[in-house]
Amino acid sequence: MQTTPADKTGLTNGQYGALAQVILNLSSTSRIGFTYINAYTPFDTLTPGNEFNLTATGSNLSNSNFGVPVSVNAYGISGTFQLSPNLALGGWVGYANHRYIGRGEGDVWNWAATIAFPDLFKKGNLGGLLVGQEPKLTSTSGNIGQRDRDSSLHIEAFYRHRINDNIAVTPGVIWITNPNFDTNNQDAIVGVVRTVFFF
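Position in the sequence shown counted from 1, then plus 482, gives you our numbering.
Listed below in structure tokens is the structure:
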């Protein structure tokens, strides 16, 4: 999406993101997906030391432009495997190369493993668990000089309960260890409830 055409930079003379995805159905119960994203932003979305960017996922450093335009090439692979009518495994791994124009480059990784329990306790319900790592700036080159040095996990559990054919309620818990990949930060635990209406 073009947002700043006056900048005369990037594919569309401004900020943009382009995505391509291929999904392979290996069987009726398993599939693998491959994703490529090319993006460019001419301005700084988040600088180190600022408050958390609540609209982004991952660490402050993984979301920072370090004050310069950034070109991103990102790659991902994901898969889902239905082992039985009541058990499914899945997960993904993502890698992004950030080119901080005029300053250097950075490597950002994320991953997750998931397990789902269809029809748990009742037909139409769904239980799920997720363990993963949000986007982390693991290494840099040039004169960036900063990276995420500590470890952090994103752990999530939820249960979707179909009250009837038109309403589903999903309570859940999200636990993030060492938020922002900083062991000085206390773990964050958040309870969530989502209600979906079907028409």
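Backbone N, C-alpha and C define an ideal beta-carbon position, used for all residues, glycine too.
The alpha-carbon separation between Q497 and V552 amounts to approximately 10 Å. DSSP, read as helix, strand or coil, puts F563 in strand. Residue state for P551 is assigned as coil, using DSSP reduced to three classes. Sorting R581, Y577 and A556 by C-alpha distance to the C-alpha of V550 places R581 at the top. In the DSSP assignment, S621 falls outside any alpha helix (DSSP H) and within the unbroken beta strand (DSSP E) covering L608 to T622. Looking at the DSSP output, S512 sits in a beta bridge with S509 and F563.
Taking each of S512, Y522, L619 and I649 in turn and checking the Cα distance to P567, the smallest one comes out for S512. The criterion of a C-beta distance shorter than 8 Å is not satisfied by V675 and V655.
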